[in-house]
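Notes for the one structure printed next.
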Amino acid sequence: MQQRLFYFGCLLLLTQLSACHMNMIQTSNQSVQKALLQAPSERPEEIKALFNSAHTSAVFITYDGQQFNRYGNALARAQNAYIPASTFKMLNALIGLQHHKVSTSEVFKWKGEKRSFAAWEKDLNLAQAMQLSAVPVYQELA
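In structure tokens:
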């Protein structure tokens with residue numbers, strides 16, 4: 321079960337990251353459109369089932385240098401580009417943890433400056449920052 325949750329977490333992260341890459345794809349290019357419409361070749365039903373069991377709809381795209389593959393349970397979503405929005409917060413946190421630039425218990429000190437939201441105007445650890453989507457913490461981490 322823990323391994324399935326780990327894989328699901330990885331899939332979720334890749335789902336969010338794929339939105340970033342869609343902005344770079346020019347959908348007017350016929351070969352790219354054709355590649356996006358192709359069915360993924362590896363484990364598509366397992367991945368779809370993971371998203372279904374989590375009661376969420378998602379898609380992520382992989383590119384091996386020659387071909388795009390779509391995975392998930394909302395494959396039509398891959399036809400549109402989306403902004404990455406807060407997906408970089410997850411990636412920054414994971415990179416920071418992996419490279420020991422931050423720990424789960426580290427507290428990011430608020431220096432008293434006005435922030436966009438009152439909820440951000442306090443000391444926050446990484447988990448609290450993630451919950452509040454606190455941009456200043458992730459700017460400091462980056």
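Quick note: the sequence shown uses our numbering, first residue 321, plus one each step. Where a beta carbon is used, it is the ideal one built from N, C-alpha and C, also for glycine. Because the structure is a prediction, the values reported are computed rather than measured.
Below 6 Å, is the gap between the Cβ of residue i and the nearest heavy atom of the ligand SAH?
| i | result |
| --- | --- |
| Asn389 | Although the ligand SAH was asked about, the structure shown includes no ligands whatsoever. |
Excluding the 5 residues flanking residue i on each side, which residues of the same chain have their C-beta closer than 7 Å to its C-beta?
| i | result |
| --- | --- |
| Val457 | Phe428, Leu444 and Ala449 |
| Trp430 | Glu441, Lys442 and Asp443 |
Can you tell me whether DSSP reads residue i as helix, strand or coil?
| i | result |
| --- | --- |
| Arg397 | helix |
| Val422 | coil |
| Phe371 | helix |
Terminal residues of the continuous beta strand (DSSP E) containing residue i?
| i | result |
| --- | --- |
| Ile381 | Val379 to Tyr383 |
| Phe388 | Phe388 to Gly392 |
If I measure Cβ to Cβ from residue i and keep anything under 8 Å in the same chain, skipping five residues before and after, which residues do I get?
| i | result |
| --- | --- |
| Pro364 | Tyr391 |
| Thr424 | Leu417, Asn445, Leu446 and Ala447 |
Measuring CA to CA, which of the options is closest to residue i?
| i | options | result |
| --- | --- | --- |
| Ala438 | Ser423, Thr424 and Ala454 | Ala454 |
| Ser377 | Lys368, Met410 and Val422 | Lys368 |
| Asn393 | Ala413, Gln386, Phe371 and Met410 | Phe371 |
Along the chain, where does the alpha helix (DSSP H) that runs through residue i open and close?
| i | result |
| --- | --- |
| Lys409 | Thr407 to Gln418 |
| Tyr458 | Val455 to Leu461 |
| Ala447 | Leu446 to Leu452 |
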